[in-house]
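Trainee:
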């Protein structure tokens, strides 16, 4: 078993003359407090053994006479592994669409985003330019796990709070994890102090997935995660209509869903992107929706469904009323004084400028606008399900209205303003969101990139729509479900027409969503679906709800969180000793899995064919065609 410990804490700051300075504290090895002070700047750290590991709580204090600016807090964690040991680390992605998975620990690696466009890096990194000592290829966001084939144990280090800053963990060599709270040059006045988000360190020989679930459980408890919402079943307009959605198409599907309620038992009807008069003006509609949002929500509710709506509350385009009337509500480039570009989509604006700009939630006037807007959408219009997209924009770098808020604090203040306006009863789904700052505010979270009506193995992997990359993400972040929120694995597409997904690929998407226990939304023109599609949906919903109900006690776990192979899987154990497992072959060639690889002993295993309601007993091997998946029920 490895013996990980916190060895050092360092605060980096700029003094009154803007000179870079640093103050280090040799961390205590026992559960006690340690502190140091020099030139008026002090660090104190308290170690507490709890939750099966060590919680490090750190405070920075300015006891001098001059204001300083805080750059970062660095925590060095010794893993106990030898410097030359073969090792892997879990590289957790920044936001909903960012990839997560196991990687080899190796110095001097480069990453494709090192030379990517600024908007790509704003999307997928907590810093658009990494400092040289924290390269992107070796850096994980929020938490990491390190393991070595030379040792039986693993080491986890991660922040279990995320209210005060964005954070990273860099693993450039097996013997050390460098955790870092990014403090964005915020001021610390004389007599002031700042408490940092707590760092959690743990060791053990349990699986990497169960280790990750332990981190998620600790984080959810620390941040009062909202995990009690009922299982969500719904319909979304996006993956059939995309931006082309019109009011008549929405109404036609609403009527079909009302008539087909027994075949497709759904709770939520959600209008996605394409209704708004302009990006940033979310309470008014364009010419495709002449009835307006109040009427749309009323018709959805009258049909017996909850009304849902999509917004991107931290983005606006130049042709919006918001940007025209409130140019001071945006994050600005420090050098040029221009608003920061955080997105690009020709479908979002009629102006020649196709960029979307980042709004500044550190501005109390903009937060007041968010409060009013979401109070209007929920209490006046009647939408009770709110999908918030492209949320990373609030954490974009630049000049902010309030320089004493970190980017992490700015994003969270914006989300809290939306929650306050929407009320506690609204179901809020985050999307495109940095993971930590939303915990305790949202009820659900997208945990991967967009699915698509094609497999997408040639996509860039940088968050582009891709069904196969979405499946990877569902597996990699399965441990978050019912610990941080309800996981949203994105939509299930059932249609056999107007899609490039094969029957096996549609079944693989269904099986992976089912196996995760997460939210279950479909996104098809209902006129394309028949009785067989309804039968499949009901089978999927029944199993997904069963798995979801087990999650309060036992997390859904990846069979091997650190692998990058073509065969991947999930398992959900239940109280009677049985389990439901999912095996996915994401590769282009057939695969065979030995029963012994599942480590399920002599239990009876049957494969469930969701489409035809058949059960096939598994003996020694399981054959998986390319781009296919199987649901397995394990009985004790």
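In the numbering used here, the protein residues as written are 9 to 644.
We put the beta carbon where it would ideally sit given N, CA and C, even for glycine.
(1) Going by DSSP, what residues sit across from residue 522 in a beta bridge?
(2) Hey, quick one: how far does the alpha helix (DSSP H) through residue 314 stretch, first residue to last?
(3) Under the assumption that residue 385 contacts residue 396 (Cβ atoms under 8 Å), give the Cβ distance between them as a whole number of angstroms.
(4) Closest by CA to residue 625, which one among 85, 639 and 69?
(5) In the DSSP assignment, what residue or residues form a beta bridge with residue 21?
(6) Could you pull out every residue in the same chain whose Cβ sits closer than 7 Å to the Cβ of residue 34, ignoring the five residues on either side in sequence?
(7) Looking only at DSSP bridge pairs, what is residue 57 linked to?
(8) Between residue 9 and the rest of its own chain, which residues show a CB-CB distance below 7 Å, the 5 nearest in sequence each way excluded?
(9) Comparing C-alpha positions only, which one of 466, 337 and 370 sits nearest to residue 596?
(10) Just list the beta strand (DSSP E) runs in the region 479-538, keeping only unbroken ones of 3 residues or longer that don't cross its boundaries, in chain order.
(11) Does residue 46 pass the burial test, meaning 16 or more other C-beta atoms within 10 Å, or should it be called exposed?
(12) Using CA coordinates, which residue listed in 345, 290 and 543 is at the minimum distance from residue 379?
(13) Pick out whichever of 165, 585, 243 and 155 has its Cα sitting closest to the Cα of residue 64.
(14) Alpha carbons only, please: which of 542, 241, 157 and 509 is nearest the one belonging to residue 278?
(15) Once you ignore the five residues that flank residue 195 on each side, which residues in its own chain have a CB closer than 7 Å to its CB?
(16) Using 10 angstroms around the beta-carbon of residue 263, count the other beta-carbons present and answer buried if the total reaches 16, otherwise exposed.
(17) With distances taken Cα to Cα, identify the nearest neighbour of residue 521 among 444, 564, 532 and 538.
(18) How big is the Cα-Cα spacing for residue 182 and residue 486?
(19) From the DSSP secondary-structure annotation, give me the bridge partner or partners of residue 559.
(20) Please report the distance separating the alpha-carbon of residue 282 from that of residue 246.
(21) Do you know offhand how far residue 588's Cα is from residue 464's?
(22) Counting Cβ pairs closer than 8 Å, one from the region 291-301 and one from the region 251-258, do we hit at least three?
(23) If we require 3 or more residues per run, which beta strand (DSSP E) segments fall completely within the region 331-356?
(24) Helix, strand or coil: how does DSSP classify residue 572 here?
(25) Tell me whether residue 9 sits in a helix, a strand or coil according to DSSP, three-state version.
(26) Excluding five sequence neighbours on each side, which residues of the same chain lie with their C-beta closer than 7 Å to the C-beta of residue 571?
(27) Can you give, in chain order, each stretch of the beta strand (DSSP E) that sits fully within the region 153-180 and has at least 3 residues?
(28) Roughly how many angstroms separate the alpha carbons of residue 497 and residue 44, rounded to a whole number?
(29) Here's the rule: buried if 16 or more other CB atoms are within 10 angstroms of the residue's CB, otherwise exposed. What is residue 601?
(30) Hey, how far is the Cα of residue 514 from the Cα of residue 66?
(31) Between residue 585 and the rest of its own chain, which residues show a CB-CB distance below 7 Å, the 5 nearest in sequence each way excluded?
(32) Per DSSP, residue 111 forms a beta bridge with which residues?
(33) CA-CA distance, residue 269 and residue 462?
(34) Give me the Cα-Cα distance between residue 434 and residue 392, rounded to the nearest whole angstrom.
(35) Mind checking whether residue 170 and residue 231 have CB atoms under 8 Å apart?
Mentor: Based on what the coordinates show:
(1) What you label residue 522 is simply residue 514 of the chain shown in a count that begins at 1. Paired residues: none, contrary to the question.
(2) Taking the first residue of the chain shown as 1, we reach residue 314 at position 306. Where residue 314 is concerned, there is no enclosing alpha helix (DSSP H), although the beta strand (DSSP E) it sits in stretches over 314-319.
(3) What you label residue 385 is simply residue 377 of the chain shown in a count that begins at 1. What you label residue 396 is simply residue 388 of the chain shown in a count that begins at 1. Not confirmed; about 11 Å, so no contact.
(4) Taking the first residue of the chain shown as position 1, residue 625 is located at position 617. Per the Cα distances, 639.
(5) As a first step, residue 21 must be located in the chain shown, where it is residue number 13. Beta-bridge pairing links residue 21 to 29 and 78.
(6) Locating residue 34 in the chain shown gives position 26, counting from the first residue. Correct list, in chain order: 16.
(7) What you label residue 57 is simply residue 49 of the chain shown in a count that begins at 1. Bridge partners of residue 57: 62.
(8) Locating residue 9 in the chain shown gives position 1, counting from the first residue. Below a pLDDT of 50, predicted positions are generally treated as unreliable, and residue 9, at 47, falls in that range; the measurement from the model is reported next regardless. Contacts found: 160, 161, 211 and 213.
(9) To locate residue 596, count along the chain shown from 1; it is residue 588. Among 466, 337 and 370, the Cα nearest to that of residue 596 is on 466.
(10) 494-496 and 528-530
(11) The residue you call residue 46 lines up with position 38 of the chain shown. Residue 46 should be labelled exposed.
(12) The residue you call residue 379 lines up with position 371 of the chain shown. If we check each option's Cα against that of residue 379, 290 comes out closest.
(13) In the chain shown, residue 64 corresponds to position 56, counting from 1. The option with the nearest alpha carbon to residue 64 is 165.
(14) Locating residue 278 in the chain shown gives position 270, counting from the first residue. Answer by Cα proximity: 241.
(15) Residue numbering aside, residue 195 sits at position 187 when the chain shown is read from its first letter. Cβ within range, chain order: 75, 77, 411 and 412.
(16) Taking the chain shown and counting its residues from 1, the one referred to as residue 263 is at position 255. Flag for residue 263 reads exposed.
(17) The count along the chain shown starts at 1 and reaches residue 521 at position 513. Nearest option by C-alpha distance: 564.
(18) By one-based count along the chain shown, residue 182 stands at place 174. By one-based count along the chain shown, residue 486 stands at place 478. Going by the C-alpha atoms only, they are around 26 Å apart.
(19) As a first step, residue 559 must be located in the chain shown, where it is residue number 551. Per DSSP, none; premise fails for residue 559.
(20) Within the chain shown, the letter at position 274 stands for residue 282. Within the chain shown, the letter at position 238 stands for residue 246. In a straight line, the C-alpha of residue 282 is about 9 Å away from that of residue 246.
(21) Walking along the chain shown from the start, residue 588 turns up at place 580. Walking along the chain shown from the start, residue 464 turns up at place 456. So the two alpha carbons sit approximately 27 Å from each other.
(22) yes
(23) 349-352
(24) Position 564 of the chain shown holds residue 572. Reduced to three states, the DSSP call for residue 572 is coil.
(25) As a working mapping, residue 9 is identified with position 1 in the chain shown. Caution applies to residue 9, whose pLDDT of 47 falls short of 50 and renders its modelled position unreliable; the value that the coordinates give is listed next. The answer is coil: DSSP assigns residue 9 none of H, G, I, E or B.
(26) On the chain shown, residue 571 is found 563 positions in, with the first residue counted as 1. Answer for residue 571: 110, listed in chain order.
(27) 162-167
(28) Translated into the one-based positions of the chain shown, residue 497 becomes position 489. Translated into the one-based positions of the chain shown, residue 44 becomes position 36. Roughly 46 Å separates the two Cα atoms.
(29) Reading the chain shown from its first residue, position 593 is the one you call residue 601. Per the 10 Å Cβ criterion, buried.
(30) Position 506 of the chain shown, counting from 1, holds the residue named residue 514. Position 58 of the chain shown, counting from 1, holds the residue named residue 66. Spanning the two alpha carbons is a distance of roughly 48 Å.
(31) Residue mapping note: residue 585 aligns to position 577 of the chain shown, counting from 1. Only 644 meet the Cβ criterion.
(32) By 1-based counting over the chain shown, the position of residue 111 is 103. DSSP output for residue 111 lists 97 as bridge partner(s).
(33) Sequence index remark: in the chain shown, residue 269 carries index 261 (1-based). Sequence index remark: in the chain shown, residue 462 carries index 454 (1-based). If I take the Cα positions, the gap works out to 28 Å.
(34) Position 426 of the chain shown, counting from 1, holds the residue named residue 434. Position 384 of the chain shown, counting from 1, holds the residue named residue 392. In a straight line, the C-alpha of residue 434 is about 5 Å away from that of residue 392.
(35) Position 162 of the chain shown, counted from the start, is the residue given in the question as residue 170. Position 223 of the chain shown, counted from the start, is the residue given in the question as residue 231. Yes. Within cutoff.
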